[in-house]
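Accompanying notes for the structure given below.
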Amino acid sequence: VLSSVGKGIVTSSIGKMLQARGFKVTAIKIDPYVNVDAGTMNPYIHGEVYVTDDGGETDLDLGWYERFLNINLCTHNNITTGQVYQAVIEKERKGDFLGKCVQIVPHVTNEIKHRIRFVANEFKGDVVLTECGGTVGDIEGLPFLEAIRQMRLEEGFENTLYVHVALVPILDVTGEMKTKPLQHSVNELRRIGIQPDTIVARCKEMIDTESMQKIALFGTIPENAVFCSYNVPSIYQVPLTLDKQGMGNYICKRLQLPEHKPNWNDWKQFVESALNPNYEVKIALVGKYAGLADSYVSMNEALRHAGAACQARVSIDFIEAETFERESSALKRLQNYDGIFIPYGFGPRGTEGKMKAIRFARENNVPLLGICLGFQLAVIEFTRNMCGLEKANSTEIDPETPHPVIDLMPEQRDVKHKGATMRLGAHKLVIVKGTMAHQLYGIEEIYERHRHRWEVNPKYWDTLEKHGMIFSGKSPDGQRMEILELPNKFFFLASQFHGEFKSRPGKPDGEYYGFIKACLLYTSDAADE
Ligand code: GLN
Numbered sequence: 005v006l007s008s009v010g011k012g013i014v015t016s017s018i019g020k021m022l023q024a025r026g027f028k029v030t031a032i033k034i035d036p037y038v039n040v041d042a043g044t045m046n047p048y049i050h051g052e053v054y055v056t057d058d059g060g061e062t063d064l065d066l067g068w069y070e071r072f073l074n075i076n077l078c079t080h081n082n083i084t085t086g087q088v089y090q091a092v093i094e095k096e097r098k099g100d101f102l103g104k105c106v107q108i109v110p111h112v113t114n115e116i117k118h119r120i121r122f123v124a125n126e127f128k129g130d131v132v133l134t135e136c137g138g139t140v141g142d143i144e145g146l147p148f149l150e151a152i153r154q155m156r157l158e159e160g161f162e163n164t165l166y167v168h169v170a171l172v173p174i175l176d177v178t179g180e181m182k183t184k185p186l187q188h189s190v191n192e193l194r195r196i197g198i199q200p201d202t203i204v205a206r207c208k209e210m211i212d213t214e215s216m217q218k219i220a221l222f223g224t225i226p227e228n229a230v231f232c233s234y235n236v237p238s239i240y241q242v243p244l245t246l247d248k249q250g251m252g253n254y255i256c257k258r259l260q261l262p263e264h265k266p267n268w269n270d271w272k273q274f275v276e277s278a279l280n281p282n283y284e285v286k287i288a289l290v291g292k293y294a295g296l297a298d299s300y301v302s303m304n305e306a307l308r309h310a311g312a313a314c315q316a317r318v319s320i321d322f323i324e325a326e327t328f329e330r331e332s333s334a335l336k337r338l339q340n341y342d343g344i345f346i347p348y349g350f351g352p353r354g355t356e357g358k359m360k361a362i363r364f365a366r367e368n369n370v371p372l373l374g375i376c377l378g379f380q381l382a383v384i385e386f387t388r389n390m391c392g393l394e395k396a397n398s399t400e401i402d403p404e405t406p407h408p409v410i411d412l413m414p415e416q417r418d419v420k421h422k423g424a425t426m427r428l429g430a431h432k433l434v435i436v437k438g439t440m441a442h443q444l445y446g447i448e449e450i451y452e453r454h455r456h457r458w459e460v461n462p463k464y465w466d467t468l469e470k471h472g473m474i475f476s477g478k479s480p481d482g483q484r485m486e487i488l489e490l491p492n493k494f495f496f497l498a499s500q501f502h503g504e505f506k507s508r509p510g511k512p513d514g515e516y517y518g519f520i521k522a523c524l525l526y527t528s529d530a531a532d533e
């Protein structure tokens, strides 16, 4: 019925319910916008770009699938209008449709079905979850819904299941649950030719019997096919709440999958540790897209996974970096936190403010974790204030800087196209023995995901190291600096890669775990124990 209603979480939860019963599942996100991928979209409007192992710049829902299902997806798991049309037009130019008039039905819909089946065939699992973004009735979404409609004809009723997720608002004035928007979106879906098999009502509270009956009646489905995703303290509880309502069994029966008792042991254990922590840590996330939590969703989750592993509730305050540029006294606010986190970012806005926060962390020995741009800014701040090169900068921020300590990677210099041209995806890195990074990862070779164009300029490696910065992670050829640390600080570590993309519930990434552990020790309560 509208975007951001929680389809991603419902899709991930359905996957989890099937996985808990021993079935192998994968997931596809369809984004009907015309962009080829999410890489060229502003995170402030669309939320973060999720990077897959193979370097796909994808929708953030893939992050939820990976986190819930503990699987690694790839570029093909995110289908967009841009990709579909690009492929169809390429075929047309090659002459594959020679003599024919190329049309949305069947050529575009065939391409969509081909892409869904491609994932299914490659994956060889039991169930492919396909989530269609946007709202029923959107112009962009129509060819996708048409393809999905056709798939039932081709794959058979027992092999396909349609789930409709719709918002049931509660009116402030009367406290009444309103199913009308849902009734309308079901009607719209039926007009397109899709009769949902099950409906998930997204509501603040568990829907009442009357609403449930109305949804079943107007949706033309039995009451036991209506489920409710209501607000819960942790998003990771959603699969448990839906399964309790019978959704897992319903889906298995409907898809004629053998009946298996779900095993929730590990999942419940994680949820339990997330919900009942012994400690609390307060983190200041100093960013540029602080107004939209979705811009930092994977970082947010990675911090929480690390928290759960340390029995700590992580509360995160999103602080606009520019606050520190306007008034230096605002920095005092940072005294109230157990750790400072500097996230990714693009372009100059807010960078001076972030560097002030980094300097504050360094000088006051507050635990600091920097990711990607956060890593680069930690290098710049150190060059300016510890190596005496006051005008040091990144050429991304100041192309005229006399000390380009962060510079474009050589292979990026002639790149003109913006789409899919950064250094992307999982790359191997080597960890230097005896460092904090080595302690955290425990091994000497790791693979982590990247998304950047700039890096530490080799001309400054010596200067930085001479003044006490250690590069504890490097690319295998030693040509790229990947992790930095300041050994004389309590915890001051930053990485060029994004550990958050590999963080999972119950399996936090090393740098996030190390950071939260340090924040915890930094707070006096925990240190006393
Ligand atoms: N803008 C920087 C670069 O392109 C950092 C990117 C990031 O933080 N993901 O290198």
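Heads up: take any position in the sequence shown, counting from 1, add 4, and you land on the numbering used here. Just so it is clear, CB atoms sit at the ideal spot from N, CA and C, and this is done for glycine as well. Here the structure is a predicted model, which is why all the values come from computation and not from measurement.
Using 8 Å as the threshold, is the C-beta distance between residue i and residue j below it?
| i | j | result |
| --- | --- | --- |
| residue 55 | residue 453 | yes |
| residue 380 | residue 465 | no |
| residue 520 | residue 285 | yes |
| residue 412 | residue 455 | no |
| residue 410 | residue 384 | yes |
| residue 352 | residue 289 | no |
| residue 433 | residue 477 | yes |
| residue 203 | residue 230 | yes |
| residue 133 | residue 18 | yes |
| residue 60 | residue 82 | yes |
| residue 38 | residue 423 | no |
| residue 199 | residue 224 | yes |
| residue 206 | residue 10 | yes |
| residue 524 | residue 316 | yes |
| residue 268 | residue 244 | yes |
Measuring alpha carbon to alpha carbon, tell me which residue in the options is nearest residue i.
| i | options | result |
| --- | --- | --- |
| residue 368 | 422, 341, 33 and 353 | 341 |
| residue 431 | 372, 403 and 503 | 503 |
| residue 306 | 512, 44, 37 and 13 | 512 |
| residue 325 | 33, 360, 95 and 179 | 360 |
| residue 461 | 396, 327, 434 and 422 | 396 |
| residue 328 | 364, 296 and 303 | 364 |
| residue 362 | 351, 335, 353 and 349 | 335 |
| residue 108 | 93, 176, 293 and 98 | 93 |
| residue 35 | 142, 58, 300 and 289 | 142 |
| residue 527 | 250, 394, 417 and 318 | 318 |
| residue 393 | 66, 471 and 332 | 471 |
| residue 1 | 229, 140, 234 and 134 | Because the chain here runs from 5 to 533, residue 1 falls outside it and cannot be looked at. |
| residue 415 | 425, 134 and 232 | 425 |
| residue 65 | 190, 204 and 32 | 32 |
| residue 308 | 265, 374, 240 and 351 | 240 |
| residue 406 | 463, 382 and 423 | 463 |
| residue 246 | 111, 473 and 15 | 15 |
| residue 293 | 508, 321 and 273 | 321 |
| residue 116 | 88, 243, 137 and 100 | 88 |
| residue 210 | 113, 173 and 314 | 173 |
| residue 58 | 77, 44 and 195 | 77 |
| residue 298 | 48, 29, 120 and 12 | 48 |
| residue 176 | 208, 191, 188 and 150 | 208 |
| residue 128 | 29, 238 and 271 | 29 |
| residue 479 | 505, 508 and 449 | 449 |
Straight-line CA distance for residue i to residue j?
| i | j | result |
| --- | --- | --- |
| residue 162 | residue 91 | 31 Å |
| residue 355 | residue 185 | 43 Å |
| residue 166 | residue 483 | 50 Å |
| residue 542 | residue 227 | The first residue shown for the chain is 5 and the last is 533, placing residue 542 beyond what the model contains. |
| residue 469 | residue 26 | 51 Å |
| residue 253 | residue 148 | 28 Å |
| residue 73 | residue 388 | 44 Å |
| residue 485 | residue 500 | 7 Å |
| residue 220 | residue 277 | 36 Å |
| residue 154 | residue 197 | 9 Å |
| residue 62 | residue 179 | 38 Å |
| residue 261 | residue 135 | 20 Å |
| residue 349 | residue 496 | 19 Å |
| residue 493 | residue 314 | 21 Å |
| residue 330 | residue 357 | 8 Å |
| residue 514 | residue 370 | 19 Å |
Any heavy atom of the ligand SAM within a distance shorter than 7 Å of the CB on residue i?
| i | result |
| --- | --- |
| residue 400 | Only the ligand GLN can be found as ligands here, which leaves the ligand SAM out of the picture. |
(message) If contact is defined by three or more beta carbon pairs under 8 Å, each pair taking one atom from either stretch, is the region 442–449 in contact with the region 503–522?
(response) yes
(message) Suppose only complete runs of 4+ residues qualify. What are the alpha helix (DSSP H) ranges in the region 118–162, listed by chain order?
(response) 146–159
(message) My parser needs the beta strand (DSSP E) runs of 3 or more residues fully inside the region 205–263; what are they?
(response) 230–234
(message) To test your reading of the DSSP string, which unbroken alpha helix (DSSP H) runs of 4 or more residues are found completely within the region 301–362?
(response) 301–313 and 326–330
(message) Please give me, in chain order, every unbroken run of the alpha helix (DSSP H) with length at least 4 that falls completely inside the region 64–98.
(response) 65–73 and 85–98
(request) Quick one: which unbroken beta strand (DSSP E) runs of 3-plus residues sit fully inside the region 368–439? Chain order, please. (result) 372–375, 396–398, 407–412 and 427–435
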